[in-house]
Amino acid sequence: MLIYPIVFSFIALIAIIYLYQKVSQNKSSLYYVLWIVLWFLIIIFAFVPELSNPLAKLFGIARGLDFLVIVAIIFIFYLIFKLYIKMDKIQQDMTAIVREIALKNEIKYDKNNKKE
Amino acid sequence: MVEKEFVMSKKDKEQTFMVIPAYNEENRVQPVIENIAKLGYKMIIVNDGSSDNTLKKLKQSQEKYPDNIFILNHIINRGMGAAIRTGMDAALKHKPKYIVNLDADGQHDIADINKVCEPLVKGRAEAVIGVRPFKDMPRSKNFANSIMNLLTKIFYRVDVSDSQTGFRAITYDALKKIDVDVEGYIIASEFLRQFNENNIKLEEVTITTIYTPETQSKGTNAKVGIKIMFRMIKQILFE
Chain C
87 MLIYPIVFSF
97 IALIAIIYLY
107 QKVSQNKSSL
117 YYVLWIVLWF
127 LIIIFAFVPE
137 LSNPLAKLFG
147 IARGLDFLVI
157 VAIIFIFYLI
167 FKLYIKMDKI
177 QQDMTAIVRE
187 IALKNEIKYD
197 KNNKKE
Chain X
86 MVEKEFVMSK
96 KDKEQTFMVI
106 PAYNEENRVQ
116 PVIENIAKLG
126 YKMIIVNDGS
136 SDNTLKKLKQ
146 SQEKYPDNIF
156 ILNHIINRGM
166 GAAIRTGMDA
176 ALKHKPKYIV
186 NLDADGQHDI
196 ADINKVCEPL
206 VKGRAEAVIG
216 VRPFKDMPRS
226 KNFANSIMNL
236 LTKIFYRVDV
246 SDSQTGFRAI
256 TYDALKKIDV
266 DVEGYIIASE
276 FLRQFNENNI
286 KLEEVTITTI
296 YTPETQSKGT
306 NAKVGIKIMF
316 RMIKQILFE
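Structure (structure tokens):
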């Protein structure tokens, strides 16, 4: 038995337990369910990597594991892109808030508060 | 015939509002704003979340010129563009006839305010940019700004001799027409694009630029330039 299926499934198990807790906390959580499915797939592929061979053939890639790595990289790129978009949006929202606060709180010179 | 040099009248000055963004300028901002206040202009200074004592210095100056200096404070740093927009929004509330935008670091000569306002006062243009003579610039700045001009020309189809200038003047009506929605240094190019798209008549005047080691450390460098380029590409593609 190789070591990596054990390590992988261990990590996956932790992730699944964590995600399962999240799911039980709030009902509308399709997103978490998708992640759980993904981790289960990782466990399956870790123990039976041969399963990826037919998929790889389908896309014209010689080895099953290569296919998995490529899929993983594409997925990570997608996640980074999504995070970037989200961050951009948050930056814009933050600017809007900061600007609003600034415009509402003009600093006025007040003789009485001079010693503040 | 030699034309007499234009000077803003008292009435013109009263109808003008300066917008000055300031970020970490504790050592330079006071002479700039106090000299402007001495000339009788009103100004809105936006402290853009400075981590030094800029805000304190601004308050000190405000104590000396309470009628001329208005301070707005960004609680965290949001960039040059955001600060200018805040300042302009605040200026619009006072309904001035002309809005002048310049940098807080002392790189602009205050006497040039007359120059950039002249085309507005005389009705020749609705917006004016103060262009820096490129030959006076240190070589690295010259190169960076030339590239920025080229990018502005390619992406925004605006051909000006200094696209990244921080010195501009605009009439109230023209400012009402445009909507600049950016945060960083790209605001300089964005203004030009908006002027162009809204058919706002633009004029260039040559200004004096005072380059000191401090003023050189800020502004358009390679990193900022690349950021601006990506922003331009994104805008062209997605907006």
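These protein sequence lines are chains C and X, in that order. 87 is the number of the first residue of the first sequence in the working numbering; add one for each residue after it. 86 is the number of the first residue of the second sequence in the working numbering; add one for each residue after it. For glycine and all other residues, C-beta sits at the position ideal for the given N, C-alpha and C. Computed from a predicted structure; not experimentally measured.
Name the chain C residues whose beta carbon is nearer than 8 Å to that of residue i?
i: X:Val131; result: Ala188
Mind checking residue i: buried by the 16 CB within 10 Å criterion, or exposed?
i: X:Thr291; result: exposed
i: X:Asn186; result: buried
i: X:Ser146; result: buried
i: X:Arg113; result: buried
i: X:Thr101; result: buried
i: X:Ser248; result: buried
i: C:Met131; result: Checking the sequence, you will find Phe at residue 131 of chain C rather than Met. Buried, since its Cβ has 16 or more Cβ neighbours within 10 Å.
Any idea what DSSP makes of residue i, helix, strand or coil?
i: X:Met400; result: Any answer about residue 400 of chain X is impossible in this case: the structure gives chain X only from 86 up to 324.
i: X:Asp266; result: coil
i: X:Arg253; result: strand
i: X:Asp133; result: strand
i: X:Lys180; result: coil
i: X:Thr297; result: coil
Output needed for residue i: all residues of its chain with C-beta closer than 8 Å, excluding positions within five of it in sequence on either side, in chain order.
i: X:Ile232; result: Gly310
i: C:Thr181; result: none
i: X:Met86; result: Caution applies to X:Met86, whose pLDDT of 49 falls short of 50 and renders its modelled position unreliable; the value that the coordinates give is listed next. Cβ neighbours of X:Met86 beyond the five flanking positions: none.
Residues of chain C with CB under 7 Å from residue i, in chain order?
i: X:Glu275; result: The premise fails here: X:Glu275 is roughly 14 Å from chain C at the closest Cβ pair, so nothing lies under 7 Å.
i: X:Pro151; result: Tyr195
Below 7 Å CB to CB, which residues in the same chain sit around residue i once its five sequence neighbours on both sides are set aside?
i: C:Ala101; result: Trp125
i: X:Val243; result: Thr237, Leu277, Arg278, Asn281
i: X:Pro218; result: Thr291
i: C:Leu88; result: none
Keeping to the same chain, check which residues put their C-beta closer than 6 Å to that of residue i; ignore five residues upstream and five downstream.
i: C:Ile122; result: Ile102, Leu105
i: C:Glu202; result: Reliability of the predicted coordinates at C:Glu202 is poor, the pLDDT of 43 falling under 50, and the value obtained from them is presented with this limitation in mind. There are no such residues.
i: X:Ile129; result: Val104, Phe155, Gly172, Ala175, Ala176
Could you work out which residues of chain C lie near residue i, taking near to mean beta carbons separated by less than 9 Å?
i: X:Phe155; result: Glu192, Ile193, Lys194
i: X:Glu268; result: Gln177, Gln178, Thr181
i: X:Lys142; result: Within chain C, no residue comes near X:Lys142; the closest Cβ sits about 13 Å away, beyond 9 Å.
Taking beta-carbon pairs under 8 Å, can you tell me which members of the region 159 to 177 of chain X lie near chain C?
Look at the region 159 to 177 of chain X: the residues with a C-beta under 8 Å from a C-beta of chain C are His159, Ile160, Ile161, Arg163, Gly164, Ala167, Arg170, Thr171, Asp174, Ala175.
Check each residue of the region 105 to 135 of chain X: if its Cβ is closer than 8 Å to any Cβ of chain C, include it; give the result in chain order.
Taken in chain order, the members of the region 105 to 135 of chain X whose beta-carbon sits within less than 8 Å of a beta-carbon on chain C are Val131, Gly134.
Residues in the region 133 to 158 of chain C with C-beta within 8 Å of chain X's C-beta atoms, listed in sequence order?
Flagged: no residues at all.
Taking Cβ-Cβ distances below 7 Å as the criterion, which residues of the region 94 to 125 of chain C are in contact with chain X?
Correct list: empty, as no residue qualifies.
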